[in-house]
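Take a look at the structure:
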């Protein structure tokens, strides 16, 4: 049974807005790629996603650390 999280507040007190924005960007991209994976050429799509991920994490060490902490906090 779902707990209706979409209709309620989800506390993210320990996540900065800029980091949360990056997390949402990552989630949207991965969700979009998963939706498009129903089409042919999955290997090419996975290669494209790995390339996008590599560019995405090319960040300052401090920002990358906060992304990892936020991902852990949000169970992503």
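In the UniProt record's numbering, the protein residues as written are 1 to 76.
Just so you know, even glycine gets a beta-carbon here, dropped at the ideal spot from N, CA and C.
Computed from a prediction, not measured in an experiment: that's the story for all the values here.
Cα-Cα separation between residue i and residue j, rounded to whole angstroms
i          : j          : result
residue 66 : residue 16 : 8 angstroms
residue 30 : residue 49 : 8 angstroms
residue 80 : residue 60 : Nothing can be reported for residue 80, as the shown portion of the chain is limited to 1 through 76.
residue 13 : residue 51 : 31 angstroms
residue 28 : residue 45 : 15 angstroms
Neighbourhood of residue i by C-beta distance below 7 angstroms, restricted to the same chain and skipping five residues each side
i          : result
residue 41 : none
residue 69 : none
Which of helix, strand or coil DSSP assigns to residue i
i          : result
residue 33 : helix
residue 75 : coil
residue 60 : coil
residue 42 : helix
residue 69 : helix
Residue burial classification, residue i (beta-carbon count within 10 angstroms, cutoff 16)
i          : result
residue 22 : buried
residue 76 : exposed
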